[in-house]
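Data block below; observations after.
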Amino acid sequence: MVHAASGFRGTRAGAAEGFIPKNQPGTAGGDSLPRIRVSYWCSKGHETRPVFVKLPEDQIPVVWDCRRCGGTASRGQSQQEAPLEEPEDGYKSHLEYVKERRSSQDAEDVLAGALERLRAGGALPD
């Protein structure tokens with residue numbers, strides 16, 4: 574057990590005398606790589622702005638997935654630069670995937686069972 578007046582109190586493992594923390598501003602060891610934010614627009618006009626490490630222009634992706642609709646977004650705001658290939662199914666929501674796996678009757682059965690359990694526990698009135 575370490576004594577309460579120990580000199581190691583509040584230091585992290587691996588710290589040594591003369592150690593400069595890397596996460597402190599103004600220290601040479603903690604400098605992060607330069608980053609850039611790149612804009613992508615989908616065919617619906619949504620803008621997506623992911624952050625990349627500053628790379629040469631040819632290494633930054635030309636297309637990106639739209640965060641709002643799931644479509645393909647390109648770096649140019651004009652629609653001429655958008656890729657001609659659109660996915661056949663497009664973006665699917667969680668509910669659409671559930672509807673593919675379950676029928677309407679399954680949904681009714683699950684809902685009835687959940688309501689029955691809630692009423693039995695007193696969480697819902699009859």
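The sequence shown begins at 574 in this note's numbering and counts up one residue at a time.
Cβ atoms here follow ideal geometry from the backbone N, Cα and C, with glycine treated the same way.
Just so it is clear, the structure is predicted and the values come from calculations on it, not from any experiment.
Round the Cβ separation of VAL611 and ARG622 to the nearest angstrom and send it over; I've been treating them as touching at under 8 Å.
For the purposes of this step, residue 611 is identified with residue 38 of the sequence shown, where counting begins at 1. For the purposes of this step, residue 622 is identified with residue 49 of the sequence shown, where counting begins at 1. Confirmed, Cβ separation roughly 7 Å.
Which of the three DSSP states, helix, strand or coil, is assigned to ARG640?
Position 67 of the sequence shown, counting from 1, holds the residue named residue 640. Coil at ARG640, not helix or strand.
Cα separation between GLN652 and GLY644?
The residue labelled residue 652 in the question sits at position 79 within the sequence shown. The residue labelled residue 644 in the question sits at position 71 within the sequence shown. A caution first: GLN652 carries a pLDDT of 47, below 50, which makes its placement in the model unreliable, though a value can still be read off. Near 13 Å, if we compare the C-alpha coordinates of GLY644 and GLN652.
By the three-class DSSP mapping on this structure, what secondary structure does ARG674 have?
Indexing the sequence shown from 1 puts residue 674 at position 101. The answer is helix: DSSP assigns ARG674 an H, G or I state.
Burial state of ALA613 (16 or more Cβ within 10 Å)
Counting from one through the sequence shown, the residue named residue 613 turns up at place 40. Note that residue 613 corresponds to Tyr in the displayed sequence, not to Ala. Classification of TYR613: buried, given that the 10 Å Cβ count is 16 or more.
Exposed or buried, what is SER647 when buried is set at 16 or more other beta-carbons lying within 10 Å of its beta-carbon?
Numbered from its first residue, the sequence shown carries residue 647 at position 74. So SER647 counts as buried.
Whole angstroms are fine: how far does the CA of VAL624 sit from the CA of GLU681?
Along the sequence shown, one-based indexing puts residue 681 at 108. Along the sequence shown, one-based indexing puts residue 624 at 51. Taking the straight line joining both Cα atoms gives about 44 Å.
Which residues share a DSSP beta bridge with ALA646?
As a working mapping, residue 646 is identified with position 73 in the sequence shown. Partner(s): CYS615, TRP637.
DSSP state of ARG622, grouped into three classes?
Working through the sequence shown from its first residue, we reach residue 622 at position 49. Of the three classes helix, strand and coil, the one that applies to ARG622 here is coil, per DSSP.
Which one of ALA693, GLU630, GLU620, HIS619 has the shortest CA to CA distance from ARG608?
Position 35 of the sequence shown, counted from the start, is the residue given in the question as residue 608. It is GLU630.
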